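Colleague: Here's a structure for you.
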Amino acid sequence: MGRAVTVATCALNQWALDFEGNLKRIFRSIDIAKSKGARYRLGPELEICGYGCSDHYYESDTLLHSFQVLEKLLESPATQDIICDVGMPILHRNVRYNCRVIFLNKKILLIRPKISLANAGNYRELRWFTPWSKARHVEEYFLPRTIQEVTGQETVPFGDAVLATKDTCLGAEICEELWAPNSPHIEMGLDGVEIFTNSSGSHHVLRKAHTRVDLVNSATAKNGGIYILANQKGCDGDRLYYDGCAMISMNGETVAQGSQFSLNDVEVLVATLDLEDVRSYRAEISSRNLAASKVNPYPRVKVNFALSCPDDVAAPTCMPIQWRHHSPEEEISLGPACWLWDYLRRSKQAGFLLPLSGGIDSSATACIVYSMCHQVCLAVKNGNADVLADARRVVNDDSYIPEDPREFCRRVFTTCYMASENSSQDTCNRAKLLAEQIGSYHINLNIDAAVKAVVGIFSVVTGQTPRFSVYGGSNRESLALQNVQARIRMVLAYLFAQLTLWARGMPGGLLVLGSANVDESLRGYLTKYDCSSADINPIGGISKTDLKNFIQYCIENFQLTALRSIMSAPPTAELEPLVDGQVTQTDEADMGMTYAELSIYGKLRKIAKAGPYSMFCKLINMWKDICTPREVASKVKHFFRMYSVNRHKMTTLTPSYHAENYSPDDNRFDLRPFLYNTSWSWQFRCIDKQVNAL
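The opening position of the sequence shown corresponds to residue 11 in the numbering used here, with each subsequent residue numbered one higher.
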């Protein structure tokens, strides 16, 4: 009797609507799985069309091209003698479903629609798909004629069923179903399913990986079984980075772990596991067996195929391993770096340009680009032909081999310090030294002439000359003069991004990088259409606190000693006049709150779903040792006034790498008005009433 089953799962860097590239990556994963002896191959959610198609799911073209890719897979000899489990959208009786299509030897065994759709945070699956609500029910699905010609089948089972092979039973979950309180694997396990599969489109968030790993392991800890998870990886066309972490678990323990961050477009995990270990594990759980005796059975699709070999007693099986988690600093170093590389190569640009101010935020952005260069050189050293080909296209040199991160950085990364009369020599020196240490092509320029020209136009038209507050001007005048400087830097950044390589006799253009952190965006502490306006922003979803820790990580791991002085300097915009050559303006004084406080406000507002009154109630306890209730009330009111006054800035926020669950990204994650009644009269009155009572 066969008992050792060999299964494969994968993490694929699929790209929305890149049907040709997606097909190649699916084929490559199947080839690798078969070469390692696997008899079953699982792929990520919606891998055929790419997960992030969004409103393209409404188009019949997306359904048509998905079936065309499926046809190529079905008719290929590469998919023979291995059960292939692929994801695609399917229209059944005029209703669109997110489906798994499971096939073997040119025959479709089952189409399994998703039961629980992801519809929170960044996910909007209910906008495009309908959940399958008929538990343990199967219907006939009439195949398109082109597929019928390949399979010889007119109809195939469509619905909530499991596969019964000659040696075991498999049941499918799709992404969100693992996270649901009533996950299908619970009932399937009680009904004798021994292998659970999960095809995911799960994106990276700082400190999230352990939650996913714990969920997978706990799925089989109580009930026994083998759990196989596949996931999307990379940037498939928007703000999210899907972080792989394909894994295989048995009886509550991890037996195979995939990488979380990697430049490999295709990663395949294969494990050989003993089914008798599942059966003996379950046999002694009496509570599980009592529940199993009463379970409502699933429809079974019989498959004349085995995942094991008849004589496999001596087959070596995989043993449990300890999962290694990245630190948050490592996650910041690797996740946004991989996202930037995907964006760069897929946009077919020649590199990045970053306005480098010498502060923590722009320096952290520069370090992420430097980390990207490290990852590229390491991938090439390890024989990744795809990365080498992409690197050669980016630098326009067919014989180039990236070996030194600093040298590669100089080819693809331009930094620019844009000085004004309000800039200090200290920040200029810091920016220059960091650029030297990471190897970027560095430009120093002065914006004063442009600022004077713009302000001069205003003076000619109005007969008035605005002044900074230190010279007797009003707050309105001072703020306008600061904004002019900031916006001119944005204009110059795009000019230099378009023409710097032209001036150097090189082809191509550069992508402009922004460097506003998540806390500043939440507070609105940025000028609309300044250097926060860019093509993409790798740190827009990361807090100031985490960025400081990341800078320390770079000092220790990349030996970037220039970062020490950047770490010790107080954050400043340098938009107001210097006093005796020294900076007097600081970010926290301007904002009227600290970055640490901003992180707390952000988490309470978004994650804890707290409005002004609820936030006040929570903070009087959190801060009871450091603030009076009246001081807490004042802080909460100030935050909500500033947040609501500046919320309109989020509508034009540069697309940012999503890394925090309290991101104020207005695009689809944090949906709020941008025209508020900023007095919050009713809410603040409730706070005042409690303050007086206390």
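Glycine residues also receive a C-beta, built at the ideal position from the N, C-alpha and C atoms.
Predicted model only: the values in this text are computed from it and were never measured.
Quick one, are the C-beta atoms of I92 and C109 less than 7 angstroms apart?
Modeller: In this structure, C109 does not lie closer than 7 angstroms to I92 by Cβ.
Colleague: How long is the line joining the alpha carbons of H195 and Q270, rounded to whole angstroms?
Modeller: C-alpha separation (whole angstroms): 24 angstroms.
Colleague: Judging by CA-CA distance, which residue of Y68, Q492, W351 is the nearest neighbour of A582?
Modeller: Per the sequence presented here, residue 582 reads as Thr, with Ala not at that position. When each option's Cα is compared against that of T582, the closest is Q492.
Colleague: Please tell me whether G706 and L56 are closer than 7 angstroms, where the distance is taken between their beta carbons.
Modeller: Absent from the model: residue 706. The displayed extent of the chain is 11 to 704, so no value can be given.
Colleague: Would you mind sorting T375 into buried or exposed? The rule is 16 or more other CB atoms within 10 Å of its CB.
Modeller: Result: buried.
Colleague: If you draw a straight line from the alpha carbon of L200 to that of Y291, how long is it in whole angstroms?
Modeller: Their Cα atoms are separated by approximately 13 angstroms.
Colleague: Taking the straight line between their C-alpha atoms, what separation do you get for F152 and Q158?
Modeller: The straight-line gap from Cα to Cα measures roughly 9 angstroms.
Colleague: With a CB to CB cut of under 6 angstroms and the five nearest residues on each side skipped, what residues in its chain are close to N406?
Modeller: The answer, listed in chain order, is P517.
Colleague: Please classify K619 as buried or exposed, where buried requires at least 16 other C-beta atoms within 10 Å of its C-beta.
Modeller: Classification of K619: exposed, given that the 10 Å Cβ count is below 16.
Colleague: Less than 7 angstroms between C-beta atoms, sequence neighbours within five positions excluded: which residues of the same chain meet that for V111?
Modeller: L80, V96, M98, I118, I121.
Colleague: For the beta strand (DSSP E) holding C426, just list the boundary residues, first then last.
Modeller: Unbroken beta strand (DSSP E) run through C426: 423–429.
Colleague: From A389 to G202, what distance separates their C-alpha atoms?
Modeller: About 43 angstroms.
Colleague: Go through its chain and collect everything with a Cβ distance to V461's Cβ below 7 angstroms, but skip five positions before and after it.
Modeller: Cβ within range, chain order: S430, V494, Q495, I498.
Colleague: Can you tell me whether T89 is buried or exposed? The criterion is at least 16 other CB atoms within 10 Å of its CB, across all chains shown.
Modeller: Buried: at least 16 other Cβ atoms inside 10 Å.
Colleague: Going by DSSP, what residues sit across from A240 in a beta bridge?
Modeller: According to DSSP, which records beta bridges pairwise, A240 is partnered with S209.
Colleague: Would the stretch 316–326 count as touching the stretch 366–375 if we require 3 or more Cβ pairs under 8 angstroms?
Modeller: Not touching, per the Cβ criterion.
Colleague: When the Cα atoms are used, what is the spatial distance from Q435 to E566?
Modeller: Straight-line Cα distance between these residues: approximately 26 angstroms.
Colleague: Compute the Euclidean distance between the alpha carbons of E187 and P167, then round it to the nearest angstrom.
Modeller: About 21 angstroms.
Colleague: Please work out which residues of its chain come closer than 6 angstroms, Cβ to Cβ, to G612, disregarding the five sequence neighbours upstream and downstream, and give them in chain order.
Modeller: Correct list, in chain order: L532, Y672.
Colleague: Can you determine whether any heavy atom of the ligand FMN sits closer than 6 angstroms to the C-beta of H102, and answer yes or no?
Modeller: Of the ligands one can find in the structure shown there are none, so the ligand FMN has no counterpart to examine.
Colleague: Relative to the C-alpha of S578, which residue among D71, K558, A182, T178 is closest?
Modeller: When only C-alpha atoms are compared, the closest one is K558.
Colleague: Let me know the secondary structure DSSP gives L152 once reduced to three states.
Modeller: In the sequence as presented, Leu is not what sits at residue 152; that position holds Phe. Strand at F152.
Colleague: By DSSP's criteria, T19 is part of a beta bridge. Which residues make up the other side?
Modeller: Answer by DSSP bridge pairing, in chain order: L52, L279.
Colleague: For I331, which residues from the same chain have a beta carbon less than 6 angstroms from its beta carbon, with the 5 sequence-adjacent residues on both sides left out?
Modeller: T264, listed in sequence order.
Colleague: Within this structure, are the beta carbons of V642 and W633 separated by less than 7 angstroms?
Modeller: Result yes, Cβ atoms of V642 and W633 sit closer than 7 angstroms.
Colleague: Could you tell me if S8 is buried or exposed, where buried requires 16 or more neighbouring beta carbons within 10 angstroms of its beta carbon?
Modeller: Residue 8 lies beyond the residue range present for the chain, which begins at 11 and ends at 704; the question has no answer from this structure.
Colleague: Starting from L523, follow its DSSP beta bridges and name the residues at the other end.
Modeller: L523 pairs with I546.
Colleague: At the level of alpha carbons, what is the spacing between D170 and G53?
Modeller: Each residue's Cα considered, the two are about 19 angstroms apart.
Colleague: Relative to the C-alpha of A544, which candidate in P587, T662, P326 has its C-alpha closest?
Modeller: Selected option, being the one with the closest Cα: T662.
Colleague: Between the Cα of N23 and those of L136, Y252, I697, R13, spot the shortest distance and give me the residue it belongs to.
Modeller: Comparing Cα-Cα distances from N23 to each of L136, Y252, I697, R13, the minimum goes to Y252.
Colleague: Kindly confirm or deny that the stretch 375–387 and the stretch 413–433 touch, where touching means at least three C-beta pairs closer than 8 angstroms.
Modeller: Contact holds: three or more Cβ-Cβ distances are below 8 angstroms.
Colleague: To the nearest angstrom, how far is the alpha carbon of I100 from that of K312?
Modeller: So the two alpha carbons sit approximately 23 angstroms from each other.
Colleague: Are the Cβ atoms of A503 and L520 separated by less than 7 angstroms?
Modeller: No. Outside cutoff.
Colleague: Could you tell me the distance, in whole angstroms, from the CA atom of H75 to the CA atom of F29?
Modeller: About 7 angstroms.
Colleague: What first and last residue would you give for the alpha helix (DSSP H) that runs through R122?
Modeller: Not the alpha helix (DSSP H): R122 falls in the beta strand (DSSP E), residues 117–123.
Colleague: Less than 7 angstroms between C-beta atoms, sequence neighbours within five positions excluded: which residues of the same chain meet that for R477?
Modeller: The residues are G483, E487.
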